[in-house]
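Enquirer: Protein sequences appear in the order of chains B and H.
Residue 179 in the numbering used here sits at position 79 of the first sequence; the count goes up by one each step and never skips.
Residue 219 in the numbering used here sits at position 142 of the second sequence; the count goes up by one each step and never skips.
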Amino acid sequence: MNKQRLIAGALVLGAFFAGSVQAADEAAYAKSCAAADEARKMAAELRFEWNTVGPMIAKANDAAKAGDFGKAVKLCDEARKQSEASVAQARKQADAWRAAVVK
Amino acid sequence: MKKMIMILVGAALIAGLAWASPEDDREAFIQYYQKRFPKVAVDDYVNGVYAIDEAAYEQWQTIEEFPPYELALGEGKELFETPFANGKTYADCFPNGGIGIRQNYPYFDTETGQVKTIELEINECREKNGEKPLKYKKGPIAAISAYMAYTSRGKKLDIVIPDDPRAMAAYEAGKEFYYSKRGQLNFSCADCHVYNAGMMVRADKLSPALGHPTHFPVYRSKWDDMGTLHRRFDGCNKQVRAKPLPSQGEEYRNLEYFVTYMSNGMEVNGPGARK
């Protein structure tokens with residue numbers, strides 16, 4: 101009887117921990133991909149979006165759907181970094197292009 | 078006093094750069110290529126990369142004996158002449174019935190305050206006559222545009238920038254796009270087609286920008302198909318890993334305005350055949 105109670109308790113605890121780990125991973129994915137999407141939108145607004153970013157975010161969403169939140173976070177972090185780099189590129193080029201004009 | 082003179086000289090230089098007229102830009106552009114390829118005559122740049130690549134020029138001449146764009150020309154002529162459902166044709170929408178007018182495109186339309194390209198006006202014509210617009214990069218629009226270019230062969234590009242600050246702003250926006258580095262590879266149009274024209278990118282020689290727009294639309298062996306200039310812009314942007322902008326959107330039309338102005342006075346020889 102005690103043995104059965106012990107097993108049932110362990111199962112409940114295991115399910116509880118697994119659930120909270122998944123919830124934490126999912127939250128990390130949501131946060132990382134929201135940041136990536138925001139940075140991508142800013143780059144798109146400046147008309148300087150890189151074509152590597154959209155597919156990366158799409159892959160991240162696919163990974164999340166398959167339950168691989170770790171992979172999704174990695175992809176979205178990279179997408180955010182690349183978008184931030186393209187925003188920096190746009191801001192730099194706003195003036196830098198003049199120096200490149202054939203004179 | 079010395080400091081004051083330096084400030085004045087600096088200000089004059091900056092003003093000079095800021096106020097370089099389109100004609101100053103065009104002359105500087107031509108001079109650049111004359112220095113870079115002293116043996117190439119300016120008029121030969123209408124042949125694109127073949128102007129600077131003798132071996133490829135020979136191959137191209139052979140290709141031109143049975144031009145791969147011939148089918149598209151026939152299709153374009155037929156589409157151009159076929160009446161819309163309301164009985165009107167493309168000829169009703171364009172000056173001179175649409176024949177021999179390619180050299181005047183793109184132009185700045187003071188009514189709308191926008192740069193108008195020939196493909197944009199083909200679709201405007203369709204919509205005005207109750208037809209659905211065509212897709213901009215390839216297919217029927219490339220064929221119609223190819224036919225219109227063909228009827229204009231030998232005419233010299235005559236791009237006008239009217240005395241209108243909006244026209245100058247459109248030209249400047251196109252120029253800014255041309256010289257701005259973009260994409261993950263951080264390349265501008267000028268990086269490839271001005272400063273590295275004639276250099277190899279993998280197995281291909283980079284073509285000079287001078288004369289680029291004279292031969293569009295083109296049949297590209299790589300596409301096994303015809304494509305408009307904006308299809309090429311799209312491809313170039315992808316190659317530097319930038320997300321392409323919409324064909325016939327404001328940015329690409331302004332870019333076409335600048336690029337075509339740089340080739341002003343050169344003969345239309347479209348459609349062309351390219352690798």
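Every residue, glycine too, gets a C-beta built ideally from N, C-alpha and C.
Per DSSP, what kind of secondary structure is ARG179 (chain H) in: helix, strand or coil?
Expert: Along the second sequence, one-based indexing puts residue 179 (chain H) at 102. Here ARG179 (chain H) sits in helix by DSSP.
Enquirer: For GLN325 (chain H), does the three-state DSSP call read helix, strand or coil?
Expert: To locate residue 325 (chain H), count along the second sequence from 1; it is residue 248. Of the three classes helix, strand and coil, the one that applies to GLN325 (chain H) here is coil, per DSSP.
Enquirer: Looking at the structure shown, is PHE171 (chain H) part of a helix, part of a strand, or coil, going by DSSP?
Expert: By one-based count along the second sequence, residue 171 (chain H) stands at place 94. Correct three-state label for PHE171 (chain H): coil.
Enquirer: Mind checking which residues open and close the alpha helix (DSSP H) that includes ARG351 (chain H)?
Expert: In the second sequence, the residue the question calls residue 351 (chain H) occupies position 274. Element bounds for ARG351 (chain H): not the alpha helix (DSSP H) but the beta strand (DSSP E), 349-351.
Enquirer: When you compare each of B:GLN104, B:ALA124, B:ARG105 and B:ARG140 to LYS181 (chain B) by their alpha carbons, which one comes out closest?
Expert: In the first sequence, residue 181 (chain B) corresponds to position 81, counting from 1. Among B:GLN104, B:ALA124, B:ARG105 and B:ARG140, the Cα nearest to that of LYS181 (chain B) belongs to B:ARG140.
Enquirer: Looking at C-alpha atoms only, which residue of H:PRO290, H:ILE238 and H:ARG279 is the closest neighbour of ALA226 (chain H)?
Expert: Position 149 of the second sequence holds residue 226 (chain H). Among H:PRO290, H:ILE238 and H:ARG279, the Cα nearest to that of ALA226 (chain H) is on H:PRO290.
Enquirer: What would DSSP say about MET142 (chain B), mapped onto helix, strand or coil?
Expert: Here residue 142 (chain B) refers to the residue found at position 42 of the first sequence. It is helical.
Enquirer: Please list the terminal residues of the continuous alpha helix (DSSP H) segment that includes GLN111 (chain H).
Expert: On the second sequence, position 34 is the one that residue 111 (chain H) refers to. First-last of the alpha helix (DSSP H) with GLN111 (chain H): 99-113.
Enquirer: For ALA199 (chain B), collect the residues of the same chain with a Cβ closer than 7 Å to its Cβ; drop the 5 residues on either side in sequence, then sort them by chain order.
Expert: One-based indexing of the first sequence puts residue 199 (chain B) at position 99. There are no such residues.
Enquirer: Would you please verify whether the beta carbon of ALA250 (chain H) is less than 7 Å from any beta carbon of chain B?
Expert: The residue labelled residue 250 (chain H) in the question sits at position 173 within the second sequence. False, the Cβ-Cβ gap to chain B never drops below 7 Å.
Enquirer: Residues of chain H with CB closer than 8 Å to the CB of GLU149 (chain B), please, in chain order.
Expert: Here residue 149 (chain B) corresponds to residue number 49 of the first sequence, with the count starting at 1. Those are ALA319 and LYS320, listed as they occur along chain H.
Enquirer: Does the segment 174-189 of chain B touch the segment 237-252 of chain H, meaning 3 or more C-beta pairs lie closer than 8 Å?
Expert: No contact exists between the segment 237-252 of chain H and the segment 174-189 of chain B.
Enquirer: What runs of the beta strand (DSSP E), each 3 residues or longer, lie entirely inside the segment 182-242 of chain H?
Expert: Runs found: 184-186 and 191-193.
Enquirer: Can you give the Cα-Cα distance for LYS209 (chain H) and ARG203 (chain H), rounded to whole angstroms?
Expert: The sequence position of residue 209 (chain H) within the second sequence is 132, counting from 1. The sequence position of residue 203 (chain H) within the second sequence is 126, counting from 1. Computed Cα separation, rounded: 6 Å.
Enquirer: What does GLN193 (chain B) reach in chain H if we use C-beta pairs closer than 9 Å?
Expert: Here residue 193 (chain B) is taken as the residue at index 93 of the first sequence, counted from 1. The contacting residues are GLU253, TYR256, SER257, LYS258, ARG259 and SER265.
Enquirer: Is there a Cβ from chain H that is less than 7 Å from the Cβ of ALA200 (chain B)?
Expert: As a working note, residue 200 (chain B) is residue 100 in the first sequence. So yes, ALA200 (chain B) belongs to the interface.
Enquirer: Does any residue of chain B bring its CB to less than 7 Å from the CB of PHE106 (chain H)?
Expert: Stepping through the second sequence from its first residue, residue 106 (chain H) is reached at position 29. It does: the Cβ of PHE106 (chain H) has a partner Cβ on chain B nearer than 7 Å.
Enquirer: According to DSSP, ALA319 (chain H) sits in a beta bridge with which residue or residues?
Expert: For the purposes of this step, residue 319 (chain H) is identified with residue 242 of the second sequence, where counting begins at 1. BP columns for ALA319 (chain H) point to B:TRP150.
Enquirer: Mapping the DSSP letters down to three states, classify GLY304 (chain H) as helix, strand or coil.
Expert: If you number the second sequence from 1, residue 304 (chain H) lands on position 227. Correct three-state label for GLY304 (chain H): strand.
Enquirer: Consult DSSP for LYS282 (chain H) and reduce its assignment to one of helix, strand or coil.
Expert: One-based indexing of the second sequence puts residue 282 (chain H) at position 205. Residue state, collapsed to three classes: strand.
Enquirer: Going by DSSP, what residues sit across from PHE264 (chain H) in a beta bridge?
Expert: The sequence position of residue 264 (chain H) within the second sequence is 187, counting from 1. Paired residues: H:ARG259.
Enquirer: Between the Cα of ASN100 (chain H) and those of H:THR194, H:ALA350, H:TYR338 and H:LEU197, spot the shortest distance and give me the residue it belongs to.
Expert: By 1-based counting over the second sequence, the position of residue 100 (chain H) is 23. In the sequence on display, residue 100 (chain H) carries Glu and not Asn. Of the candidates H:THR194, H:ALA350, H:TYR338 and H:LEU197, the one whose C-alpha sits nearest the C-alpha of GLU100 (chain H) is H:TYR338.
Enquirer: List the residues of chain H that LYS203 (chain B) touches, going by C-beta distances under 7 Å, in chain order.
Expert: Sequence index remark: in the first sequence, residue 203 (chain B) carries index 103 (1-based). Neighbours of LYS203 (chain B) on chain H, chain order: ALA105.
Enquirer: Could you compute how far the alpha carbon of MET303 (chain H) sits from the alpha carbon of ALA223 (chain H)?
Expert: Along the second sequence, one-based indexing puts residue 303 (chain H) at 226. Along the second sequence, one-based indexing puts residue 223 (chain H) at 146. Answer to the nearest angstrom: the Cα atoms are 9 Å apart.
Enquirer: Quick one: list the residues of chain H neighbouring GLY154 (chain B), beta-carbon separation under 9 Å, in chain order.
Expert: In the first sequence, the residue the question calls residue 154 (chain B) occupies position 54. Within chain H, the residues near GLY154 (chain B) are LYS320.
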